[in-house]
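Residue numbers (my numbering): 10 to 408. The C-beta atom is built at its ideal place from N, Cα and C for all residues, glycine as well. Given the structure is predicted, the values throughout are model-derived calculations rather than measurements. Below is one structure, written out as structure tokens, with a few remarks after it.
As structure tokens, this is what we get:
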């Protein structure tokens, strides 16, 4: 892993059958030549894997427009903090076509879906990597590399342009961070060669890649592709001559994987620690952090909840997953809520939470935070589930 830009995990993996040397012939038992595909980042200059297909991976026979759900955003203007109740959005549908846009900018889009148990269509995101947080539910993501199982609390990281589909074993709530770049661990967690270091709050053994290749037969197989044109984010239905899951083997350092919150080790201190100590991933123009159950500050006069701060360089988005988030008590926020605290607006705990937190030794809370360095626009899902009273909750009144 390059760490600075790439989206791979830090160690080499091999599945199925590959030739002894790269870029040399590999044949099946009948003598048929298999087709090598390089899946890589940043041209040929960063992390990659080599896949060996039975069919030609670029062989397609048809394409037509895929009409995406509403992708428009409107500015957060006038400038106010927002509270969005995602659990109020209708449930049902599949994990791809029924995602709804909550917030977005040119670097990242945050979407949400409450699935049923229907399998999604085959899908690839050609814009960038996806990091999908599993709020609840369980199932499998089948990919061109093989299958990965998911459960509640998982991050499912899918590299850009990886063909995959979601198969929920039970209804699942999925909060997707759709990047327009690659997603990787923070550079400060990595050695110069890409190994996760001792001070990192997780390590390679916490990351779980795919199993053996799937080898699915089929002809005229449709894949939904999300991509970008001069007009913005669009979709195309592409029909492949043969099934994309025809890989007999692959190796390399770029592949989908999962990591569960229970394997993340929170960092604590004598006084309140700033959000970067809770970071998990980063992409171009944004970071992902998680706030988990933990012992808190041990200075006798410490105030464990955050101090007030002005987000002058970023928009802060917090998704509340479990527990009782100490700083937001009395605000109306609950499980399934998203708060947007925009750049240029001072924010912090509800006033009563400051005094109440002194002497508290442990927080039982789980939240996933995305900080962006460009303003976020409000998607149609945000407008459909907003709590209009939240902006005035610190004062307890509105003029």
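Check: Beta bridge counterpart(s) of residue 8 as assigned by DSSP; Outcome: Outside the displayed span of the chain (10 to 408) sits residue 8, for which this structure offers no information.
Check: Extent of the continuous beta strand (DSSP E) run through residue 366; Outcome: Premise fails: residue 366 lies in the alpha helix (DSSP H), 360–366, not in any beta strand (DSSP E).
Check: Pairwise C-alpha distance: residue 350 and residue 408; Outcome: 20 Å
Check: Reduced DSSP secondary structure (H/G/I, E/B, other) of residue 308; Outcome: coil
Check: Residue range of the unbroken beta strand (DSSP E) whose run includes residue 331; Outcome: 324–332
Check: Cβ contact check for the region 137–152 and the region 200–215: 3 or more pairs under 8 Å; Outcome: no
Check: Residue 400 (DSSP reduced to helix, strand or coil); Outcome: helix
Check: Which of helix, strand or coil DSSP assigns to residue 128; Outcome: coil
Check: Classification of residue 86 by the beta-carbon crowding that lies within 10 angstroms, buried from 16 upward; Outcome: exposed
Check: Proximal residues to residue 65 (C-beta, below 8 Å), its chain only, five neighbours per side dropped; Outcome: 44, 250, 251
Check: Exposure label - residue 172; buried when at least 16 CB within 10 Å; Outcome: buried
Check: Uninterrupted beta strand (DSSP E) stretches inside the region 39–69 (no shorter than 3 residues); Outcome: 44–49, 57–62
Check: Contained beta strand (DSSP E) runs [length at least 3] in the region 173–246, N- to C-terminal order; Outcome: 173–177, 182–188, 228–238
Check: Option nearest residue 262 by Cα separation, candidates 176, 226, 344, 168; Outcome: 168
Check: Pair within 8 Å by beta-carbon distance, residue 182 and residue 146; Outcome: yes
Check: Extent of the continuous beta strand (DSSP E) to which residue 110 belongs; Outcome: 109–113
Check: Residue 96 (DSSP reduced to helix, strand or coil); Outcome: helix
Check: Close Cβ partners of residue 245 (< 6 Å) along its chain, the five nearest in sequence each way excluded; Outcome: 72, 75, 234
Check: Pairwise C-alpha distance: residue 281 and residue 154; Outcome: 42 Å
Check: CA-to-CA distance, residue 112 to residue 321, given in whole angstroms; Outcome: 19 Å
Check: Residue 189 burial status per 10 Å Cβ neighbour count (16 or more: buried); Outcome: buried
Check: Short Cβ contact (8 Å threshold) for residue 296 with residue 117; Outcome: no
Check: Cβ neighbour criterion (16 or more within 10 Å) applied to residue 289; Outcome: buried
Check: Separation of residue 220 from residue 342, as counted between CA atoms; Outcome: 39 Å
Check: Endpoints, the alpha helix (DSSP H) within which residue 34 is located; Outcome: Counting along the chain, residue 34 falls outside any alpha helix (DSSP H), and DSSP gives it neither H nor E.
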